[in-house]
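>
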Amino acid sequence: MLGNMQEGQLLISGLIEHAETYHKDTEIVSRSVEGPIHRYTLKDAANRSRKLANALGKLDLQQGDVVGTLAWNTFRHFELYFGVSGIGCVVNTVNPRLFPEQLIYIINHAQNKYLFVDLTFVELVESISDSLESVKGIIILTDKDHMPETKLKNVICYEELIADESNEYDWPVFDENTASSLCYTSGTTGNPKGVLYSHRSTLLHTWIVSSGNVGKISSSSVILPVVPMFHVNAWGIPYASAMFGAKLILPGPLMDGASIYELIDLEKPDLLMGVPTVWLGLLQYLNETNQTLDSVSTALVGGSAAPRAMIQEFEEKHNVFLMHGWGMTEMSPLGTATSRTAEMDNMDIESRYDLQEKQGKAFFGVEMTIADDDGNELPKDGVAFGRLLVKGPTIVERYFKSNESSLDKNGWFDTGDVAKIHPEGSMEIVDRSKDVIKSGGEWISSIDLENAAVGHPAVAEACVIGVLHEKWDERPLLLVVKVEGKDLSKEEILAFLEDKVAKWWLPNDVIFVSELPHTATGKLLKTNLRDEYKEHLINTGK
Ligand code: ADP
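Residue numbers (the numbering used here): 4 to 545.
1. Helix, strand or coil for N454? Go by DSSP, reduced to three states.
2. Measuring alpha carbon to alpha carbon, tell me which of D357, L285 and S137 ends up nearest A113.
3. Mapping DSSP to helix, strand and coil, what is P279?
4. Nearest by alpha-carbon distance to Y356: which of L325, D376 and S262 is it?
5. Check each candidate in T145, Q9 and K46 and name the one with the smallest Cα separation from A22.
6. Taking the C-alpha atoms as reference points, what is the distance between L55 and G328?
7. At a cut-off of 8 Å, would you count T524 as near the ligand ADP, judging by its Cβ distance to the nearest heavy atom?
8. On the CB-based measure, 16 or more other CB atoms within 10 Å of its CB, does Q362 come out buried or exposed?
9. Relative to the C-alpha of F499, which residue among V439, N454 and E477 is closest?
10. Since I believe V36 is in contact with W75 (beta carbons under 8 Å), could you give me their beta-carbon distance rounded to a whole number of angstroms?
11. Could you tell me which uninterrupted beta strand (DSSP E) segments, each at least 3 residues in length, are contained entirely in the region 335–415, listed from first to last along the chain?
12. Would you kindly report the start and end of the unbroken beta strand (DSSP E) that includes P228?
13. Which residue from K383, N349 and V369 puts its Cα closest to that of G375?
14. Given 8 Å as the limit, tell me if I450 has its C-beta closer than that to any heavy atom belonging to the ligand ADP.
15. Taking 9 Å as the threshold (beta carbon to beta carbon), is I40 in contact with chain B?
16. Is G140 a contact residue of the ligand ADP, with contact defined as CB to any heavy atom under 8 Å?
17. Tell me whether F317 is buried or exposed, calling it buried when 16 or more other Cβ atoms sit within 10 Å of its Cβ.
18. Ignore the nearest five residues each way along the sequence and tell me which others in I19's own chain have a CB closer than 6 Å to its CB.
19. From D28, I314, L207 and D297, pick the residue whose C-alpha is nearest to that of S223; which is it?
20. From V369 to E487, what does the alpha carbon distance come to, in whole angstroms?
21. If you compare alpha carbons, which of F416, L381, A463 and S442 is closest to P426?
22. With a cut-off of 8 Å on the beta carbons, I'd call L337 and W238 a contact; round off their distance for me.
23. Could you check whether the Cβ of E487 sits closer than 8 Å to any heavy atom belonging to the ligand ADP?
24. Looking at A505 and the ligand ADP, is the gap between the Cβ and the nearest heavy atom below 8 Å?
25. Answer yes or no: do T397 and I211 have a C-beta to C-beta separation smaller than 9 Å?
26. Using the Cα positions of I450 and L118, report the straight-line distance between them to the nearest angstrom.
27. My understanding is that N553 touches H472, with C-beta atoms under 8 Å, so please give their C-beta distance in whole angstroms.
28. Is it true that the region 223–234 meets the region 272–290, where meeting means three or more beta-carbon pairs spaced less than 8 Å apart?
29. To test your reading of the DSSP string, which unbroken beta strand (DSSP E) runs of 3 or more residues are found completely within the region 469–495?
30. Pick helix, strand or coil for N57, following the three-state DSSP scheme.
31. Check each candidate in V386, F388, M371 and S408 and name the one with the smallest Cα separation from G395.
32. Can you find the residues in the same chain that come closer than 7 Å, C-beta to C-beta, to D434, ignoring five residues on each side of it along the sequence?
33. Measuring only from the beta carbon, is V235 closer than 8 Å to any heavy atom that is part of the ligand ADP?
34. Please report the straight-line C-alpha distance between L73 and F367, rounded to a whole angstrom.
35. When you measure from the CB of H1 to every non-hydrogen atom of the ligand ADP, does any distance come out below 8 Å?
36. So, does the region 149–158 touch the region 58–69, judging by three or more C-beta pairs under 8 Å?
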């Protein structure tokens, strides 16, 4: 027997309409690409999203057409999230940090009809424009006064595009399973793969990230998402702002410690969101200038593992709870978080840090298990570790334009991560499956070693890779970037690690480097390092 309830469609346009009706005065503050701080309200955003919708209609866009963005976190990008998806088109947020060949691949693969581009990226688009196959025009996200000289063809100024449009528009109603946005993974090998979100998956994910166990987002929240809108929809926060009327502070192109602190000081956010490298920059700035984070109660960190030293510094110097989240593009993106619980508040601080170091519990809507290479489920005992598999309505079924499902016969999606699940439900990432080190048939976690190494005050960044070894097949090699001006020897760092990891995990050698390579989303790029240092232990006999 079916229930008797209505079948309203969960649509992104509904979010911005709701925002205008109930939270019209909530502010969106942006550091504009042109420089000055820009402020307006959710009512303004709703008006301008409808103007944009009218303008998009005149560009002859049909439902299902894809429109690309190369843009920072600002109010104009915010409008594109609602205006483009709202009319039934797909907003493809392209990550400008990717290599030009990857950008060309994505824009052509997605068949972007128009590109909306921040001033910062005009030159980049010029350099690839000859290779773009489907793009009919470029809209530059600025006003008339700031329009640049460019050799690009069919260029339109964003402010002029929407200026004379009506701010009345009836958002179309369509099936909530209609595609709304498209984000490509920044795969380290092979072409990027597209994940095509729907209105329904986006709204479900928005509810999840806003819920009490995660962001606790409400109309009294003031959120600073440093996590970019060009990568996994800034963890869904623009949508959450509209759903709950939360004030947003959008950092535009400047994400260094000083610029982020300037916004914190000015706008007093209570919730920050970003990847560990951004927080490293902020903490370093705060240390240098002797400042504290008075307004902030929680910082959500994810994208890579947050080291214990960072969790501790946020807590002890700034009284900020560092909430560790985990997820991936394929999961909209968030899947787990270490929510702050009453139980945590009552435990001793070291045990609490132990929990915060883990990636946390799955949200309702995300099922999670671990399995061996043959797909046999492993015990969730905090000891066994294996492939982390997930299922749920905010998780990809197949990649964009693929004819094949990405799920196994039981409907699980393999995350490519290796993890443990503890008896109380917390998940702990051990490694990426391609990064685990197999020494004499036993696994060593590169993440655990890296996290332990960055606990040393002279270590700015650490990277552990598995390299060939005559006896054990593979052994860990530690690469270290030292904090500027600090001394550290091989012996010192190995001695420091001794009581932090199993003895047989200790790296066979340590190499000091001036910098480490990163992917476009800030993760350590280990593929080239593995090639470069493949024979290091064989050659040195270590
Ligand atoms: P990409 O586009 O580079 O794939 P994603 O953000 O989708 O970027 O990357 C997802 C991967 O990032 C996860 O599968 C996991 O390996 C890693 N990751 C994300 N959050 C964490 C975390 N908190 N701890 C450890 N690894 C993480």
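Note that beta-carbon positions come from the ideal geometry of N, C-alpha and C, so glycine has one too.
Let me spell this out:
1. helix
2. S137
3. helix
4. L325
5. K46
6. 34 Å
7. yes
8. buried
9. N454
10. 6 Å
11. 337–340, 370–374 and 389–394
12. V225 to P228
13. Reading off the sequence shown, one finds Asp at residue 375, where the question assumed Gly. Cα-wise, what sits closest to D375 is K383.
14. yes
15. In the structure shown, chain B does not exist; there is a single protein chain.
16. no
17. buried
18. A49, S52, F85 and A245
19. D28
20. 42 Å
21. L381
22. 6 Å
23. no
24. no
25. yes
26. 38 Å
27. The chain is shown from 4 up to 545; residue 553 falls before or after that span and cannot be answered.
28. yes
29. 476–485
30. helix
31. M371
32. V421, S448, S449 and I450
33. yes
34. 33 Å
35. Residue coverage of the chain in this structure runs from 4 to 545, which leaves residue 1 outside it and unanswerable.
36. no
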